[in-house]
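What follows is one structure encoded as structure tokens, with my remarks underneath.
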Amino acid sequence: MRLMMNTWPPFLFAGIRILEISPDYRRARVKLVKKTLTTNYVGTLFGGSLFSMTDPFFMIMTMKNLGDKYIVWDKRGEIEFVSPGKATVYGEFQIRDEDLADIRKSVADNGKYLKWFEVELKTAEGVVVAIVKKQIYFRAK
Numbered sequence: 524m525r526l527m528m529n530t531w532p533p534f535l536f537a538g539i540r541i542l543e544i545s546p547d548y549r550r551a552r553v554k555l556v557k558k559t560l561t562t563n564y565v566g567t568l569f570g571g572s573l574f575s576m577t578d579p580f581f582m583i584m585t586m587k588n589l590g591d592k593y594i595v596w597d598k599r600g601e602i603e604f605v606s607p608g609k610a611t612v613y614g615e616f617q618i619r620d621e622d623l624a625d626i627r628k629s630v631a632d633n634g635k636y637l638k639w640f641e642v643e644l645k646t647a648e649g650v651v652v653a654i655v656k657k658q659i660y661f662r663a664k
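So the sequence shown is numbered by this note's numbering: it starts at 524 and just counts up by one.
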């Protein structure tokens, strides 16, 4: 999966690299390399690339963990720019047991469920550049 995603044109040409996807799909680490092609007019990381580096992960990770009895879709996304992206940034995505239990229970009780996930995009020094929130839709098949 990691190799396939690293050669996927929207990631490959945007400077986005998947560093790790855990075997259980509970954790993923991604980086956006700061280079000429990934910067905006003022020389900081392009906001569209920051958002793109977060796009599929919570959806794919929950799909892999919930199995084929659920429909899973990205519903909504938000990005808050916290500081200028002056260096390569990293995102670490995690799905906890509590998240999966919450999803299963809510879908069982209500037929569908919307859940927010959040990831901070940080430099190697820990400076937060952006906070991205993704709302994922879940429904039983």
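Ideal Cβ positions, reconstructed from N, Cα and C, are used throughout, including at glycine. Because the structure is a prediction, the values reported are computed rather than measured.
Your pair glycine 614 and leucine 644 checks out as a contact, with CB atoms roughly 5 angstroms apart and the cut at 8 angstroms.
Here phenylalanine 581 is not bridged, per DSSP, to any residue. Under DSSP, leucine 568 shares a beta bridge with Thr562. For alanine 537, no beta strand (DSSP E) segment is defined, and its DSSP state is neither H nor E.
Take the alpha-carbon of leucine 535 and the one of phenylalanine 574: they are about 15 angstroms apart.
Three or more beta-carbon pairs drawn from the stretch 655-663 and the stretch 575-589 are found closer than 8 angstroms, and the two stretches are therefore classed as touching.
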